[in-house]
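**Q** Position 337 (the sequence shown) corresponds to 336 in numbering that gives the first Met the number 0; numbering is contiguous. C-beta atoms are modelled at their ideal positions from N, C-alpha and C, and glycine is treated no differently. To start, I am sharing the structure in question, which I have written as structure tokens.
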Amino acid sequence: MTVFLCMGTKCSSSMETRTLSSEDKWDCNSGTEFRTGCGLIRSSKLLPFAKTILGRKVLDRYLLTHRATFPQYVEELEGIAEGSDVPFETIFIENIVEEFSNSFPPSFQNGNFPTELRHLILRCSDIVLTSSEMHVVAHNEDCGAVDVNRTAIVIAKIGDEAKFVAYTYLGDLPSGAFGFNENGVAFTLNFVQPSEIFIGGLGRGFISQDLLTAENADDAIAIITREGQAAGHNFQVMDVRAKRVWNIEFKDNASAVSAFFHANQYQRLRIAQPPYQSSLHRLRRYSELTPPTNVDEALTVLGDQEDRSWPVFHDSLSHSRGDLSGWTLTTIVFDLSKGKAVSFLENPVHRPQHLVWDLFKLTVLPAEANKTL
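Rendered as structure tokens:
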């Protein structure tokens, strides 16, 4: 396995590449504080619930499903656990945190794990622009404070699978955010939560890891819509070579495809779902704006902070004004016509390009090192 890791928010034009065998172990604590979301898990009720008789049964159902369906990814998590000296069950729960936390029985949810702790504040936003001349997906990658400077860009080729590039949360499988592979398949993700969950089903993090192996767009859609998933997800899937974009909402046994602005709410599937304030506010704000027709206008929407409590873009400024949500870790724009993506660390309204991602060469370089855009 060949891997390049770009830790946190800093990348240099000199990339370090390592070739790893299956027996190599990651020292995840070396040089950077290891992020697994362990603070969330240990300070909440996830691990205590896993230690109850009922919780152990629920966890075992998830483990059985994933060992049977994705044994190679479970083995990957076992390697992360060993390399970071964090218990495997903690790592595994982190990788199904949304699914597992919503598998609690009502009695445990109400008395020991209230809704405000169980349901994470959902944040990511996407804009899809398509025409005969434009094929663009613009994405805000948002998460909690624990994730700031706890991400990595992973460039890897594992065995005979396709080489891929993935923006990855430390401790998680690549990628719960966005990625692309040498077969011309690219994607961004938004978590969406149906009110009912299939306990013991497949976690969305395992599906997105498998998506990095997709041979083509049809294969990607088949992976996304496979049966037996625990919850749901929203994908912006791109065929880089054919310059096509699909917006896919999925819940077990149901899916819908379209293209538009997307937050963390189902907008095409008619299913029950929790009313997340962050998503509702962002959708309301988008309805007040003139629909974007180009990349600059899309970036203006993704950088919008007019709603002080639930803005589209989250940073120190928004939090000083009363932001109740998380943090925008990066904004990325996939331009299929150029075969490249550009990411931004700060509010994209100011247009400070950070990194250039080549969708064909599978490279990631500082923007100042690439003057062609």
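Under 8 Å by Cβ, that's how I've got Pro310 and Asp322 pegged, so tell me the actual separation to the nearest angstrom.
**A** Contact flag correct, Cβ pair sits at about 6 Å.
**Q** Measuring straight from C-alpha to C-alpha, what distance separates Glu288 and Arg243?
**A** Checking the sequence shown, residue 288 turns out to be Leu, not Glu. Rounded to the nearest angstrom, the two C-alpha atoms are 26 Å apart.
**Q** Alpha carbon to alpha carbon, how far is Thr167 from Ala176? Give it in angstroms, no decimals.
**A** Between Ala176 and Thr167, the C-alpha separation is close to 7 Å.
**Q** Straight-line CA distance for Thr224 to Leu45?
**A** C-alpha separation (whole angstroms): 28 Å.
**Q** I need the boundaries of the beta strand (DSSP E) containing His138, first residue and last residue.
**A** It spans 134-142 - the beta strand (DSSP E) in which His138 sits, taken as one unbroken run.
**Q** Determine the extent of the beta strand (DSSP E) in which Gly158 is found, giving its start and end residues.
**A** Taken as a continuous stretch (DSSP letters only), Gly158 belongs to no beta strand (DSSP E), as it is neither H nor E.
**Q** Output the distance between the C-alpha atoms of Ser130 and Trp356, rounded to the nearest integer angstrom.
**A** One C-alpha to the other measures close to 22 Å.
**Q** Determine the closest residue to Leu211 out of Leu169, Asn246, Val153, with distance taken between C-alpha atoms.
**A** It is Val153.
**Q** Within the chosen definition, does the region 155-173 reach the region 52-67 through at least 3 CB pairs nearer than 8 Å?
**A** At 8 Å Cβ cutoff, the stretches do not touch.
**Q** Given that a residue counts as buried once 16 or more other Cβ atoms are within 10 Å of its Cβ, and exposed if not, what is Asp23?
**A** Annotation note: pLDDT 42 at Asp23 (below 50); position unreliable, coordinate value reported separately. Asp23 is exposed by the Cβ-count criterion.
**Q** Could you say if the region 46-60 and the region 179-193 meet the contact criterion of at least three C-beta pairs nearer than 8 Å?
**A** Not touching, per the Cβ criterion.
**Q** Determine the DSSP secondary structure at Trp309, reduced to helix, strand or coil.
**A** Reduced to three states, the DSSP call for Trp309 is coil.
**Q** Would you check if the region 78-91 and the region 131-146 touch, i.e. whether three or more CB-CB distances between them fall below 8 Å?
**A** Taking 8 Å as the limit for Cβ pairs, the verdict is that the region 78-91 does not touch the region 131-146.
**Q** Who are the Cβ neighbours of Ala366 in its own chain at under 8 Å, not counting the five residues just before and after it?
**A** Correct list, in chain order: Val341, Gln352, His353, Leu354, Val355, Leu372.
**Q** Compare the C-alpha of Ser83 against each of Cys123, Gly170, Asn101 and name the closest.
**A** Measuring from the Cα of Ser83, the nearest candidate turns out to be Gly170.
**Q** When you compare each of Asn94, Thr187, Glu248, Ile157 to Asp125 by their alpha carbons, which one comes out closest?
**A** The residue with the shortest Cα to Cα distance from Asp125 is Thr187.
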